[in-house]
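Have a look at the structure below before the remarks.
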Amino acid sequence: MSECYIRVAEDENEEPMEIPSEDDGTVLLSSVAAQFPGACGLRYRNPVSQCMRGVRLAEGVLHAPDADWGNLIYVVNYPKDNKRKMDEMDAASAVKIKRGIQKTSDLIVLGLPWKTSEQDLKDYFATFGEVIMVQVKRDLKTGNSKGFGFVRFTEYETQVKVMSQRHMIDGRWCDCKLPNSKAGPDEPMRCRKVFVGRCTEDMTVDDLRQFFIQYGEVTDVFIPKPFRAFAFVTFADDAVAASLCGEDLIIKGTSVHISNAEPKHSNIHQLFSNFPGRSPSLAAMFERAQYQYPSSHV
6 MSECYIRVAE DENEEPMEIP SEDDGTVLLS SVAAQFPGAC GLRYRNPVSQ CMRGVRLAEG
66 VLHAPDADWG NLIYVVNYPK DNKRKMDEMD AASAVKIKRG IQKTSDLIVL GLPWKTSEQD
126 LKDYFATFGE VIMVQVKRDL KTGNSKGFGF VRFTEYETQV KVMSQRHMID GRWCDCKLPN
186 SKAGPDEPMR CRKVFVGRCT EDMTVDDLRQ FFIQYGEVTD VFIPKPFRAF AFVTFADDAV
246 AASLCGEDLI IKGTSVHISN AEPKHSNIHQ LFSNFPGRSP SLAAMFERAQ YQYPSSHV
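For any residue, its number in the working numbering is found by taking its place in the sequence shown, counting from 1, and adding 5.
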């Protein structure tokens with residue numbers, strides 16, 4: 006049988022690539038893997054039943070269904086434990102879904118100058134996107150500003166952008182965060198920060214930044230010195246961080262585990278409560294030490 010080409014794609018809706026067959030009409034799995042690294046087989050949609058069917062694979066050779074490849078589009082199979090495709094597609098899809106249903110929230114603006122009015126606040130934040138509401142909190146008796154206020158945007162993407170940076174308002178640096186009465190002042194940052202475990206010494210800040218930027222905007226990467234086999238990565242969007250938690254990803258050929266960067270406060274206090282004297286200040290010092298990095302890494 007003369008050489009022919011079969012159409013292969015990573016997804017039914019993607020543009021296929023033509024893969025050459027062998028003289029006997031079979032296709033080598035290595036030929037598929039050369040174009041789709043990690044591939045372990047092929048499948049196709051049966052025109053009659055509309056169900057997906059697997060292509061027979063024997064000793065690295067793929068055999069045409071009914072002895073004829075036809076004009077079908079064959080979809081690549083990947084091993085279940087191969088995170089490459091899942092990391093690049095499933096996690097990205099999860100983030101898109103979360104963004105699609107995410108609604109904006111009132112953001113607290115900290116560090117406002119006393120002279121800043123609501124109109125000043127609106128004029129400043131309108132440069133980022135449409136503003137729904139602004140409010141400067143004032144003392145009921147004196148009418149003076151309390152040094153903070155609130156702002157809300159129409160688009161969630163605008164909210165993410167505003168939260169990812171500091172703001173110079175009327176000559177003073179201000180921060181925008183999600184208000185949370187039960188959390189400390191750095192809690193919104195922790196929601197966007199993930200812990201990367203099982204790192205190797207050859208992984209650099211640039212390596213981690215370039216890898217994680219495929220999921221969303223990365224605002225910071227921190228690797229402790231001396232090396233301790235872990236790192237922290239901070240995203241502009243907390244939904245990206247949440248979607249990656251619990252995943253095992255492959256970076257430079259090494260499997261790393263992603264988890265929440267938030268410390269387990271209750272466990273820390275419980276640990277130190279067993280020490281003689283049960284000093285709560287010791288536990289508090291330990292908690293602060295975990296996240297007391299240089300300002301550029303917070």
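The beta-carbon is built from N, C-alpha and C at its ideal position, and this holds for glycine as well.
The three-state secondary structure of Leu249, taken from DSSP, is helix. Of the candidates Cys56, Thr159, Thr121 and Leu34, Thr121 places its Cα closest to the Cα of Phe153.
With fewer than 16 neighbouring CB atoms inside 10 Å of its own CB, Cys56 falls in the exposed class.
The beta carbon of Pro21 lies closer than 7 Å to those of Arg12, Val13, Ala14 and Ile78 in the same chain, with the five residues before and after it left out. Restricting attention to Met138, Arg214 and Gly116, the CA atom closest to the CA of Phe237 is found in Arg214. Under the DSSP definition of a beta bridge, Pro25 partners with Tyr10. Annotated as distal: Glu135 and Thr109, with beta-carbon spacing of 8 Å or more. Excluding sequence positions up to five before and after Ile113, its CB lies within less than 8 Å of the CB of Phe153, Gly154, Phe155, Cys181, Lys182, Leu183 and Pro184, all in the same chain and listed in chain order. Ranked by Cα distance from Leu47, the first of Leu34, Gln140 and Met208 is Leu34. Distance check between Pro84 and each of Val53, Pro42 and Arg61 places Pro42 closest, using alpha-carbon atoms only.
Ranking Lys142, Asp212 and Glu222 by CA distance to the CA of Asp243 puts Glu222 first.
If you draw a straight line from the Cα of Gly258 to the Cα of Asp211, it comes to about 16 Å. Judged by DSSP secondary structure, Tyr83 falls outside any beta strand (DSSP E); it is assigned neither H nor E.
The straight-line gap separating the alpha-carbon atoms of Thr31 and Glu19 is approximately 23 Å. If the five residues before and after Val139 are omitted, its C-beta is found closer than 6 Å to the C-beta atoms of Glu123, Leu126, Lys127 and Val156, all from its own chain and listed in chain order.
Counting along the chain, the unbroken beta strand (DSSP E) around Thr224 starts and ends at Val223 to Phe227.
Secondary structure of Asp212 (DSSP, three-state): helix. For Ala38, the enclosing alpha helix (DSSP H) has its first and last residue at Leu34 to Gln40.
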